[in-house]
Each structure stands twice: as structure tokens, then as C-alpha cells.
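Numbering (my numbering), first residue to last: 1 to 329.
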């Protein structure tokens, strides 16, 4: 038996309209159920931060666009520049803010006291981001990379490499939120090691070249580069000038080796981002920032470029060769 179903033009369009409305409602409902993460990241770390965070989320089973939506906001390393971006994320009603520097974290905490914040900071307690590492308080927690202590460690490595170095130039950004702590620690370490530390300031990109010229005129025995994102953003210019002047230098991050740095000692930024991502996921699953202690990064990589050492006629001691996490040959 064959049954013939007759559909009028009116009924056909009503069916189509109902199906379209249902599909639209489903499509609009789906993103609303996906957590929205706002990320405040310094321009010097944009690429590395995106790759690191996405990798960290994937390790936790979260894929951008499927399980979470990320709103990226790049800024300089100044709190003034970060403030409007932080306010924009608050207006966008994100579920959580990730702030990848001390300055961006301050801006985020000024913008909101209710939205959870995950930060990466050199010393969150001294910077006022957390009451203590064990009990951060407020609405923020995250990862500490202990930059002040690292300045002293880099000077110690520099002395092992250059035992007779006495006059050390310290290239720093005086507007960095943590510079007072790092400078004080570096000076104490220099005094302990029998070194004299002379500071050269570069607040922004336009001041870097004058600072480098002043360092060359000073003719120090070696150079210590501050762990500052303004300086990192101009790493090609800094490394090229120092290498041309043939002055041994110790750098804070392995990214400087892209342009021929001699020696670096600092945290693995990819590992830092993975740890920050794990905090985000814990909070999305219901944890409160106040219940999550700040984690201190304890693994730091020593990288030595032996090609640059040969170029500068520097013989790297066996103790450093054995200790290095990576030797560039």
C-alpha cells in the first residue's frame, strides 16, 4: 500500500522555520556552556604563552574552542597599559582571568575582586598579589618564579665562568614591579662574591640602545641581564650588541639563545605555563583560589652556548659543563 503525504507550501515553510530556530537556539546555547577564559599576556611572551597555555590545557583534556573559549589580550609590561585590557575582560564577563606577569596581575586584581585570577609572578607576596604562598587570600593564586633569588644565582654562575670578573654591569628596567627586590638581592650577592654591581637603566625600548652604549663605554668585566619583559622583547638587539662588544653576559631565559647568548639560567617557560593551566582547570572544576597555595617553581635550566664561548676565548669549566641542562655546540 502506498501512502501519499501532501505538504502545503505554508506547512513546509513552518517546518523549515521551526528547524532553523531550533538549530539557532542549540548553536547559541552551546558556547554559553563553555567556560570563557581571559588571558592578559605581555607582548614579549605572546607566542610562547599561547603555545604553553594551549599545551597545558590539552594535557588536562581541554581544547580551545571545544571545552573552553579564550580571549587573548596582549599588553606591554606596564600596569598602566594592562589596566584597560583587564577592565575589558571584566566587562566581557569572563569566568576567569589568567595574568602572566606581576603588572598584569595587579591590573586584574584592581579590576575585579570576584572573578578568579591565576597569575605568574616573580614574587607574588612581596608584590602584594598574595598574603602568603600557603594562603594567598583574595581572589587570586598561581605560580611564583622566584626572580629575586635567581639574580644572585646568575651572578654565582657568572663568577664560576669568569673567576676574575669584578665589575659587573646590571642592565635593568627600573619601572619593573619587582626591580627593588631583585636589585637588592643582586647587590647583596655581588658584595658576597667580591663584585661591584653598576646599574644601567632602560625603562622602555627607546632607552635600550643608550643603555647598551653606556655599558660599552664603562667596559665592565661581565654583564647581568635582568629578568624583565621589556628587555626580553628586545633580546635580538641586546644580544647582538653584547656579542659585538665581546663582553661575557648571563641572561635570564633561554629565548636569548635564539640570537647567540653565551649563558642563561632560568625557569622553563613552557613548564610555567603548564602549571598555570593546571590552576585554571582546578578552579573551573570548583576549587576556590583561596584554597590553592601558590606554587614555587623549583626547576631552572642552565644553558651554555659553547660556540659563543669559543668566539670569546672563554674556557667553560668542567663543573659548569657537567651541570648544564643544555650545551649548544
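Positions of the beta carbon are idealized from the N, C-alpha and C atoms, including for glycine.
Here residue 37 carries a strand assignment [DSSP, helix/strand/coil]. According to the DSSP assignment, residue 141 belongs to the beta strand (DSSP E) that extends over 140-144. Going by beta carbons, residue 148 and residue 289 fall outside the 8 angstroms limit. Proximity to residue 270 across 282, 300, 245 peaks at 300, based on C-alpha coordinates. Cβ-Cβ separation between residue 104 and residue 82: approximately 4 angstroms, consistent with a contact (criterion under 8 angstroms).
Burial state of residue 206 is exposed, judged by a 10 Å Cβ sphere holding fewer than 16 other Cβ atoms. Looking at the DSSP output, residue 68 sits in a beta bridge with 64. Runs of alpha helix (DSSP H) with 4 or more residues, each lying fully within the stretch 78-159, are found at 79-91, 102-111, listed in chain order. Listed in chain order, the beta strand (DSSP E) runs fully inside the stretch 241-305 are 249-251, 263-267, 300-305, counting runs of at least 3 residues. Residue range 222-225 is occupied by the beta strand (DSSP E) that includes residue 224.
Under DSSP, residue 198 shares a beta bridge with 169. Put simply, the stretch 204-223 does not touch the stretch 49-56. Fewer than three CB pairs are less than 8 angstroms apart. In the three-state reduction of the DSSP assignment, residue 179 falls in the helix class. Taking all protein chains in view, the Cβ of residue 266 is crowded by 16 or more other Cβ atoms within 10 Å, so the residue is classified as buried.
Rounded to whole angstroms, the Cβ separation of residue 328 and residue 297 is 23 angstroms, and the two are not in contact under 8 angstroms.
Residue 327 sits in a strand when the DSSP states are folded into three classes.
Following the DSSP letters along the chain, one finds residue 211 inside the alpha helix (DSSP H) bounded by residues 208-218.
Cβ neighbours of residue 94 within its own chain (closer than 8 angstroms, five residues either side excluded): 36, 37, 38, 71, 115.
Counted as a single uninterrupted DSSP element, the alpha helix (DSSP H) harbouring residue 48 occupies residues 46-59. Secondary structure at residue 76: coil, using DSSP grouped into helix, strand and coil. With a contact defined as Cβ atoms closer than 8 angstroms, residue 308 and residue 143 miss out at about 30 angstroms.
For residue 316, no alpha helix (DSSP H) encloses it, and the DSSP letter there is neither H nor E. In the DSSP assignment, residue 42 is bridged to 75. The Cβ neighbour count for residue 113, taken over all protein chains shown within 10 Å, is under 16; the residue is labelled exposed. A straight line joining the alpha-carbon of residue 189 with that of residue 109 spans about 33 angstroms. Residue 171 is not a Cβ neighbour of residue 247, given a cutoff of 8 angstroms.
DSSP places residue 204 in the coil class of the three-state scheme, outside both helix and strand. Our two residues, residue 146 and residue 286, have alpha carbons roughly 28 angstroms apart in a direct line.
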